[in-house]
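Quick note: the sequence shown uses the working numbering, first residue 40, plus one each step. Beneath this line is the structure, given in structure tokens, with notes to follow.
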Amino acid sequence: MTVTASIDPHRDSALPAAALRDYDSVRRAIAFMSQHWRSQPPIEAVAEAAALTPDELHLLFRRWAGLTPKAFLQALTLDYAKNLLRDSASVLDAALASGLSGPGRLHDLFVSHEAMSPGEWKSGGAGLLLTYGFHPSPFGTAVVIASPRGLTGLAFADPGEEAAALADMQRRWPRASYQHDDAGTAALAQRVFDPARWRAEQPLRVVLIGSDFEIRVWQTLLKIPMGRAVSYSDIAGHLGAAKAARAVGAAVGRNPISFVVPCHRALGKGGALTGYHWGLTRKQAMLGWEAGHSQ
């Protein structure tokens, strides 16, 4: 059973109006830089797009995104995306052989995960109670979905598209019950987007709900270190299905826990930024954000 209602992501939010305005300014700055990185716009142009002064933008961006606008902009280059693929096969080989996700994981989300049974997936989530909330993030409004066992879904939406993003997630588990609870999902949102909360001794628990093949792909994504990337064909090869790059791409696109299960680190041939369910601009923004935090 899917519960639908008129959705206002800011209704009953614990965030004050000033914080929501700050979040919107950062969102606009990231979108502008992601769209215009080739011309390396000056900070004055970025600030104008965010309706801020350059000094206000610098301080606000550091507080929300954890790096300066200049550092973020420098990371948004096609060469960077291509360089991510250098030695990608050896990175994945080492991660799989060791059972660890590599040295880059020291800077990454510490995640423990489990997969729901095939029966639970095939039933469309029947009997599951999933709570959801809307929260600000560096990449737009985050739609956070949780089960009693952990984080189950994470989607992103631009202003006015929150209801559509939630509906997209609900279609993945159409027989589950849904309950709106911003307060109940706030702690998960904070854990995901605040690097200071990424701790090995307190891993973020996620629950993967998908087909057997999809879960194998998503588990492989979790092994890609922050600041690195692999190609779809690399993933297919490690799954023993070298000719299944297209099927891998489809599974990556159906990843229900964006950013945490880092589908944005899967690139097309030659480093092409292709095939991101939540938009290529957002994918590029995530890679730039991670590059800034990996320096």
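Glycine included, every Cβ here is placed at the ideal spot set by N, Cα and C. Predicted, not measured: the structure shown is a model, and the values here were computed from it.
Counting only runs of 4 or more residues that sit fully inside the segment 150 to 236, the alpha helix (DSSP H) segments are 157 to 161, 201 to 209, 221 to 232, in chain order. Contact between the segment 299 to 307 and the segment 231 to 248 is present, with at least three C-beta pairs closer than 8 Å. Around the beta carbon of T92, fewer than 16 other beta carbons lie within 10 angstroms, which makes this residue exposed. Between Q74 and T320, the CB-CB gap stays under 8 Å.
Counting the other CB atoms within 10 Å of its CB gives A324 a total of 16 or more, which places it among the buried residues.
Here DSSP, grouped into helix, strand and coil, assigns R244 to strand. Distance from the Cα of K161 is smallest, within the candidate group R211, V65, R101, for R211. Sorting A196, A203, E200, L168 by C-alpha distance to the C-alpha of S186 places L168 at the top.
K109 and L306 have their C-alpha atoms some 24 Å from each other. Remark: C-beta atoms of L99 and V150 do not approach each other more closely than 8 Å. With respect to the C-alpha of H316, the residue from A204, I263, V231 having the closest C-alpha is A204. The three-state reading of DSSP puts V300 in coil, since its state is none of H, G, I, E or B. A direct Cα-to-Cα measurement between F178 and H332 gives close to 15 Å.
Under the criterion of beta carbons closer than 8 Å, R304 and A268 qualify as touching, at roughly 4 Å. Taking a C-beta distance under 8 Å as the contact criterion, A154 and I254 qualify as a contact pair.
Per DSSP, reduced to three states, the secondary structure at L306 is strand.
Around the beta-carbon of Q209, 16 or more other beta-carbon atoms lie within 10 Å, marking it buried.
Collapsing the DSSP output to three states places S270 in a strand. In the structure shown, L91 adopts coil according to DSSP, grouped into three states. Burial is judged here by how many other beta carbons sit within 10 angstroms of a residue's own beta carbon; K308 has fewer than 16 and is exposed.
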